[in-house]
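Asker: First to last, the protein sequences are chains A and B.
Using the working numbering, the first residue of the first sequence is number 223, and each one after it goes up by one.
Using the working numbering, the first residue of the second sequence is number 223, and each one after it goes up by one.
What follows is a single structure, and I will ask about it in a moment.
2 protein chains.
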Amino acid sequence: MVYDNQQVEIRMKDGRRLEGVALPSTDFSDKSILIVKLKNGYNVGLSRKDILRVERRGRVEGIGRMGGVGNMLKGKPSTGTRDVPPVGVLGTGGTVASRVDYVTGGVRASMTAEEILAFVPEVAEFADIKFVNLFSKLSEDMCPQDWPEIVRATARLLRQTEGVVVLHGTDTLHYTAAALAFMLTTSKPVVLTGAQRSSDRPSTDAFLNIQCGLRTALSDLGEPVVCFHSSTSDGTCDLMRATRTRKMHTSARAAFRSINTPVLARMDRGGKLEKLADYLLRSKGPAKVKVDVRLEPEVALVKVHPGADPRILKWYAQRGYKGVVLEGTGLGHVPVSPSNGRSWMPVIQKLAGEMAVVMTSQTIYGRTHPFVYTNLRELSQAGVIFAGDTLPETAMVKLMWVLGHTQKLEKVARQMQTNIKGELNPRTLEISPPSQ
Amino acid sequence: MVYDNQQVEIRMKDGRRLEGVALPSTDFSDKSILIVKLKNGYNVGLSRKDILRVERRGRVEGIGRMGGVGNMLKGKPSTGTRDVPPVGVLGTGGTVASRVDYVTGGVRASMTAEEILAFVPEVAEFADIKFVNLFSKLSEDMCPQDWPEIVRATARLLRQTEGVVVLHGTDTLHYTAAALAFMLTTSKPVVLTGAQRSSDRPSTDAFLNIQCGLRTALSDLGEPVVCFHSSTSDGTCDLMRATRTRKMHTSARAAFRSINTPVLARMDRGGKLEKLADYLLRSKGPAKVKVDVRLEPEVALVKVHPGADPRILKWYAQRGYKGVVLEGTGLGHVPVSPSNGRSWMPVIQKLAGEMAVVMTSQTIYGRTHPFVYTNLRELSQAGVIFAGDTLPETAMVKLMWVLGHTQKLEKVARQMQTNIKGELNPRTLEISPPSQ
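Set out below in structure tokens:
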């Protein structure tokens, strides 16, 4: 039996009773499992063989009836009969757009944004959603050449809406978030979110992320943020500054962390926002949307480690790279007098006049510093640009963007040491890596 | 006036009175500052111009009198008159061995282990310290070729003592810790520690780290650990498994974090140990000390990122590298179908049969997984070795050590996927990156 989008009451063979909405099955769904969205917002997967009886309680509101999602699902423009504000949803692929393929056991990015949103029909009560499906890319395949397209599509949607939610694979979401921050200037919210488990799984984290993301797109925030589970429970999402966020767990729901700067706010699915730090506010009047996607993609992120070979920098220079971001050790070190003879100093002294050499720290938390130790001063004198407390990944994206505007190394250095989109604190905030 | 190691009572011009021990001045000390160790263990720097009067209260106990540190300072063997157990201290350099150079404002690694320990004379009450000064190296200059020397010196000291404290620069301390774990097998404790601020500074974190380190060297622990401040306060140190620790802040006192595994225990300066997780215990009988320092140093740690150029792997292969550890995205991804045409798959398919290609995750927390996504399965089929929840830095050290024993790729793969020194959990522990 198919109960798609039906309000159902289920009696299990073990005596339990459950009420909720039966979620739509897809070509890839396991037909022996019925997925039900419970009233508390959780989805459960019920083995059909354990079910005694399913009783229909009517079709759920919001699908095929209400202003937003329902009509979108049928490809019609919003009727606008309900007075809910327009929000853009940009699909780019990722796990959030994926289904389990029960043939191979793997996961495929095959859902449109409309199909994903059909799992959370209740959002139509507060948002009139305009969908754009730009890509169907996995996170690992996003490359700098994709960022301008994402930025332009976001800008187009922003001009028709109050804010935009970008659905994206999580692994490289923070790189794209930084790119959006530098390339797009607007005081409307742009919210990046996704999922650690595909949207058709009972255990998916997609729905809270999307619901909170849509609420954030309608909030008073005026800067791009990453919106992701605050914790393993399905309570709230953290809103984190786009240039300050990093994926810090392969698979946990609360995978993203705000680094070197506080979480800006917490959002729940009902739209209640708890402000935790200062953030830029949505402008009162009509918001401008400015796009500047000039980019130099030939920038590498290079990890320094004991024994690391400095000739790698020459290889990049010979390949025409315009810049490298080093993940140095501690305050921004490279080997200078190692016993294996591989000093990075002569290579850097030669190359830092030809290409931008930017220093970040592999400790992730804290800031690089060009003065504490003699070796640091010498690196600085050689032309190495210390990026302060900018994250390595953000520094790479920023350097690509800065080099897209000027390749004069003095100007590049000044830009990399100037805060543009919240990526660099002039002073160190006392935020330690949190304790367990 | 020189008050080195004198018990003093100080009257300040503003009326304050302070009691403590005047710490020794050095050639590099600022002569206008008197550093006094207060009874609560903190050091304060007092400007001599603010001091009204200093009264001597006698030479402090422990310097030049007691069994341990005093005699060591004079280069004599321990008298053994006091019944305190022998502990080894191995100096290798780093900030813990550094003084502020008041001429340049920088910091130089110029102190011997004896000189450092002279700041904490009270440790002679519980430990008869045997010093070895092996190197005077800064953290960034430690390279794989140094690890066998550190391991051999540690082993020699271990055979004469109950446990060894290795003083080391912090930036690469976790790489050396992993090397010690793989190269040295013993059930006596080996404790790595250091300092974020040089030992001659009033604000140094060195003394708590050293005191707790010495206590740990005499504890029931039977495995190598990193010992470092639990928090910004000077209360306790965390004892963290050597293969599971990572420097996670450029400058905070609590710079090190135990990743993917719990902190093993907390130690205070009085020797009180709070056990927090299971750890290997010191053997009851005489402990064996086994050294195996065979190492293949030509292994690189390569960070994957959007736009990353896969030809870098060819460069390493052509240079004769025997292995690379990739810091992939998420569960262990590389670009496979990016729009810039730079797929890593063909390069990996070609090279993974010639050199060891090991996959870790740049999320740091969590574990790589070869099955969830089609692209991961294909990487695994191409011969990529997924290192589970092993840290990238630990995986690099382990791969160097494994390749030092066999270069047969099948055997290498099996070793990299087998837990040897606590670096790999067979199953995922539910430890998330902690919240702020």
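Don't be surprised by glycine CBs; every beta carbon is placed ideally from N, CA and C.
Since this is a predicted model, take the numbers as computed values, not measurements.
How close, in whole Å, do the beta carbons of A/GLY545 and A/MET577 come, if the pair is a contact with beta carbons under 8 Å?
Answerer: Within the first sequence, the letter at position 323 stands for residue 545 of chain A. Within the first sequence, the letter at position 355 stands for residue 577 of chain A. With 8 Å as the limit, A/GLY545 and A/MET577 qualify as a contact, their Cβ atoms being about 6 Å apart.
Asker: For B/VAL345 and B/PHE429, what's the separation of their Cα atoms in angstroms?
Answerer: Within the second sequence, numbered from 1, the residue matching residue 345 of chain B stands at position 123. Within the second sequence, numbered from 1, the residue matching residue 429 of chain B stands at position 207. Answer to the nearest angstrom: the Cα atoms are 10 Å apart.
Asker: Between B/ASN647, B/LYS643, B/PRO648, which has its C-alpha nearest B/THR407's C-alpha?
Answerer: Here residue 407 of chain B refers to the residue found at position 185 when the second sequence is read from its first residue. Among B/ASN647, B/LYS643, B/PRO648, the Cα nearest to that of B/THR407 belongs to B/LYS643.
Asker: Within the 9 Å Cβ cut-off, does B/ALA319 reach chain A?
Answerer: Start at 1 with the first residue of the second sequence, and residue 319 of chain B comes out as number 97. Not an interface residue.
Asker: According to DSSP, which residues form a beta bridge with A/PHE348?
Answerer: Here the question's residue 348 of chain A lines up with position 126 in the first sequence. A/PHE348 pairs with nothing; no bridge assigned.
Asker: Output the distance between the C-alpha atoms of B/GLY242 and A/THR398, rounded to the nearest integer angstrom.
Answerer: What you label residue 242 of chain B is simply residue 20 of the second sequence in a count that begins at 1. What you label residue 398 of chain A is simply residue 176 of the first sequence in a count that begins at 1. Taking the straight line from one Cα to the other gives about 56 Å.
Asker: With 16 as the cutoff for other CB atoms within 10 Å, does B/ASP442 come out buried or exposed?
Answerer: Along the second sequence, read from residue 1 onward, the residue named residue 442 of chain B stands at position 220. The residue in question, B/ASP442, is exposed, as its Cβ has fewer than 16 Cβ neighbours within 10 Å.
Asker: In whole angstroms, what separates the C-alpha of A/ILE180 from that of A/LYS271?
Answerer: In the structure displayed, chain A extends from 223 to 658; residue 180 of chain A sits before or after that span and is not available.
Asker: I'd like to know whether the C-beta atoms of A/SER358 and A/THR314 end up nearer to each other than 9 Å.
Answerer: Looking up residue 358 of chain A in the first sequence gives position 136. Looking up residue 314 of chain A in the first sequence gives position 92. The answer is yes: Cβ separation under 9 Å.
Asker: Below 9 Å between beta carbons: does that hold for A/LEU523 and A/MET567?
Answerer: On the first sequence, position 301 is the one that residue 523 of chain A refers to. On the first sequence, position 345 is the one that residue 567 of chain A refers to. No.
Asker: Less than 8 Å between C-beta atoms, sequence neighbours within five positions excluded: which residues of the same chain meet that for B/THR628?
Answerer: Sequence index remark: in the second sequence, residue 628 of chain B carries index 406 (1-based). Here the set comprises VAL634, GLN637.
Asker: Which of the three DSSP states, helix, strand or coil, is assigned to B/ILE586?
Answerer: Here the question's residue 586 of chain B lines up with position 364 in the second sequence. It is coil, neither helix nor strand.
Asker: Would you verify that the beta carbon of A/GLU549 is, or is not, closer than 9 Å to some beta carbon of chain B?
Answerer: Stepping through the first sequence from its first residue, residue 549 of chain A is reached at position 327. Output row for A/GLU549: interface = yes.
Asker: Could you tell me which chain B residues have their CB closer than 9 Å to the CB of A/THR590, listed as they occur along the chain?
Answerer: The residue labelled residue 590 of chain A in the question sits at position 368 within the first sequence. Ordered by position in chain B, the residues that pass the 9 Å Cβ test against A/THR590 are THR472.
Asker: Pick helix, strand or coil for B/PRO557, following the three-state DSSP scheme.
Answerer: As a first step, residue 557 of chain B is located in the second sequence; it is residue number 335 there, counting from the start. Coil, per DSSP.
Asker: Which value, in whole angstroms, describes the spacing of the CA atoms of B/ILE273 and B/ARG423?
Answerer: By 1-based counting over the second sequence, the position of residue 273 of chain B is 51. By 1-based counting over the second sequence, the position of residue 423 of chain B is 201. Computed Cα separation, rounded: 19 Å.
Asker: Considering just the uninterrupted stretch of the beta strand (DSSP E) at A/ALA417, what are its terminal residues?
Answerer: Your numbering for residue 417 of chain A matches position 195 in the first sequence. Per DSSP, A/ALA417 belongs to no beta strand (DSSP E) and is neither H nor E.
Asker: Can you list, in chain order, the residues of its chain with a C-beta nearer than 6 Å to that of B/HIS527? Leave out the 5 residues immediately preceding and following it.
Answerer: Start at 1 with the first residue of the second sequence, and residue 527 of chain B comes out as number 305. Contacts found: none.
Asker: With DSSP collapsed to three states, give me the class of B/ASP368.
Answerer: Translated into positions along the second sequence, residue 368 of chain B becomes position 146. Here B/ASP368 sits in helix by DSSP.
Asker: Please confirm if the stretch 435 to 455 of chain B is in contact with the stretch 493 to 501 of chain B, defined as three or more CB-CB distances below 8 Å between the two stretches.
Answerer: Contact holds: three or more Cβ-Cβ distances are below 8 Å.
Asker: Taking C-alpha atoms, which residue in A/THR394, A/ALA417, A/ARG381, A/LEU548 lies nearest to A/LYS410?
Answerer: Reading the first sequence from its first residue, position 188 is the one you call residue 410 of chain A. The candidate whose alpha carbon is nearest that of A/LYS410 is A/ARG381.
Asker: Does any CB atom of chain A fall closer than 9 Å to the CB of B/VAL558?
Answerer: Reading the second sequence from its first residue, position 336 is the one you call residue 558 of chain B. B/VAL558 counts as touching chain A.
Asker: By a C-beta neighbour count over all protein chains shown, 10 Å radius and 16 as the cutoff for buried, is A/SER254 buried or exposed?
Answerer: Taking the first sequence and counting its residues from 1, the one referred to as residue 254 of chain A is at position 32. Burial call: exposed.
Asker: Quick one: is B/LEU356 near chain A, going by C-beta distance under 9 Å?
Answerer: Along the second sequence, read from residue 1 onward, the residue named residue 356 of chain B stands at position 134. No, B/LEU356 lies away from the interface with chain A (no Cβ there is under 9 Å from its Cβ).
Asker: Tell me whether B/SER300 sits in a helix, a strand or coil according to DSSP, three-state version.
Answerer: Taking the second sequence and counting its residues from 1, one reaches residue 300 of chain B at position 78. Reliability fails at B/SER300, whose pLDDT of 47 lies under 50, so the model's placement of it is uncertain and no value is given.
Asker: Please compile the residues from chain A whose C-beta is within a distance smaller than 7 Å of the C-beta of B/GLN367.
Answerer: Within the second sequence, the letter at position 145 stands for residue 367 of chain B. The contacting residues are SER561, ASN562.
Asker: Got a sec? Which residues, its chain only, sit under 7 Å from B/ASP514 by beta carbon, not counting five neighbours each side?
Answerer: Looking up residue 514 of chain B in the second sequence gives position 292. Closer than 7 Å at the Cβ level, and outside the excluded window around B/ASP514, lie MET405.
Asker: Show which residues of chain B have a CB atom less than 8 Å away from the CB atom of A/PRO519.
Answerer: What you label residue 519 of chain A is simply residue 297 of the first sequence in a count that begins at 1. Within chain B, the residues near A/PRO519 are GLY529, ASN562.
Asker: Give, in chain order, every residue of the stretch 382 to 409 of chain A whose Cβ lies closer than 7 Å to some Cβ of chain B.
Answerer: Residues THR392, ASP393, THR394, TYR397.
Asker: Under 7 Å Cβ to Cβ from B/LYS525, same chain only, skipping five residues before and after it: list those, please.
Answerer: Residue mapping note: residue 525 of chain B aligns to position 303 of the second sequence, counting from 1. Here the set comprises GLU549, GLN584.
Asker: Do we get a CB-CB distance below 9 Å when we pair B/LEU274 with the residues of chain A?
Answerer: Locating residue 274 of chain B in the second sequence gives position 52, counting from the first residue. Output row for B/LEU274: interface = no.
Asker: Closer than 9 Å, CB to CB, is A/LYS643 near chain B or not?
Answerer: As a first step, residue 643 of chain A is located in the first sequence; it is residue number 421 there, counting from the start. Chain B contact via Cβ: absent.
Asker: From the beta carbon of B/GLY545, is the nearest beta carbon of chain A less than 9 Å away?
Answerer: Here residue 545 of chain B is taken as the residue at index 323 of the second sequence, counted from 1. Not one chain A Cβ lies under 9 Å of B/GLY545.
Asker: Which partner residues of A/THR458 appear in the DSSP bridge assignment?
Answerer: Reading the first sequence from its first residue, position 236 is the one you call residue 458 of chain A. BP columns for A/THR458 point to A/ASP490.
Asker: Counting only the same chain and skipping the five closest in sequence on each side, list residues whose C-beta sits under 6 Å from that of A/GLY310.
Answerer: For the purposes of this step, residue 310 of chain A is taken as the residue at position 88 of the first sequence. Cβ within range, chain order: LYS352, LEU379, THR383, VAL386.
Asker: Does the beta carbon of B/GLY552 come closer than 9 Å to any beta carbon on chain A?
Answerer: For the purposes of this step, residue 552 of chain B is taken as the residue at position 330 of the second sequence. At least one chain A Cβ lies under 9 Å of B/GLY552.
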